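In my numbering, each residue carries its 1-based index in the sequence shown increased by 8. Down below is the structure, laid out as structure tokens.
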Amino acid sequence: MPGFEIDGERPPVGANDTIEFVDEIKRNDMVTFVLARPGEYHVRLVKPAEYSTFCGTMYQIDLSPEKDGGFQLRQVRIQFWPWDEKEG
């Protein structure tokens with residue numbers, strides 16, 4: 009059965025919440041979860057121009073080899089130089 013799995017920090021989505029993909033999303037795109045209304049989350053595309061100012065958790069879309077037709081959301085962290093050496 010197609011589905012998705014999350015590698016990294018999980019969004020605050022509950023078992024009874026609905027998730028809707030609202031943008032055209034393809035492999036290797038960066039996405040985030042946005043609370044649209046109570047009980048409903050939208051998965052939105054994060055455009056490359058927004059990377060440097062983005063606040064929140066970002067995931068990269070990849071195919072899930074374990075699930076036929078499924079995909080994986082892999083959490084990513086983007087830093088731009090010069091970064092704070094104390095953050096690691």
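Quick reminder that beta carbons are idealized off the backbone N, C-alpha and C, glycines included. Just so it is clear, the structure is predicted and the values come from calculations on it, not from any experiment.
Exposure of residue i, with buried meaning 16 or more beta-carbon neighbours within 10 Å
i	result
Met9	Interpretation of Met9 is limited by its pLDDT of 46, a score under 50 that renders its predicted location unreliable; the figure taken from the coordinates is listed afterwards. Met9 comes out exposed.
Phe41	buried
Ile86	exposed
Leu81	buried
Gly22	exposed
Residues bridged to residue i (per DSSP)
i	result
Arg45	Glu48
Val21	None; Val21 has no bridge partner.
Phe79	Phe12, Leu71
Ile97	Given that the chain is displayed from residue 9 to residue 96, the structure contains no residue 97 and the question cannot be resolved.
Thr40	Arg52
Thr65	DSSP lists no partner for Thr65.
Cβ-Cβ distance between residue i and residue j below 9 Å
i	j	result
Asp25	Val51	no
Leu71	Arg18	no
Ile69	Ile14	no
Leu53	Pro20	no
Thr65	Gln83	yes
Nearest neighbour of residue i, chosen from the options [CA to CA]
i	options	result
Glu28	Asn36, Leu71, Gly11, Glu17	Gly11
Cys63	Ile14, Ala23, Val39	Val39
Residue-chain proximity (residue i, chain C), Cβ-Cβ < 9 Å
i	result
Glu17	No chain C is part of this structure, which consists of one protein chain only.
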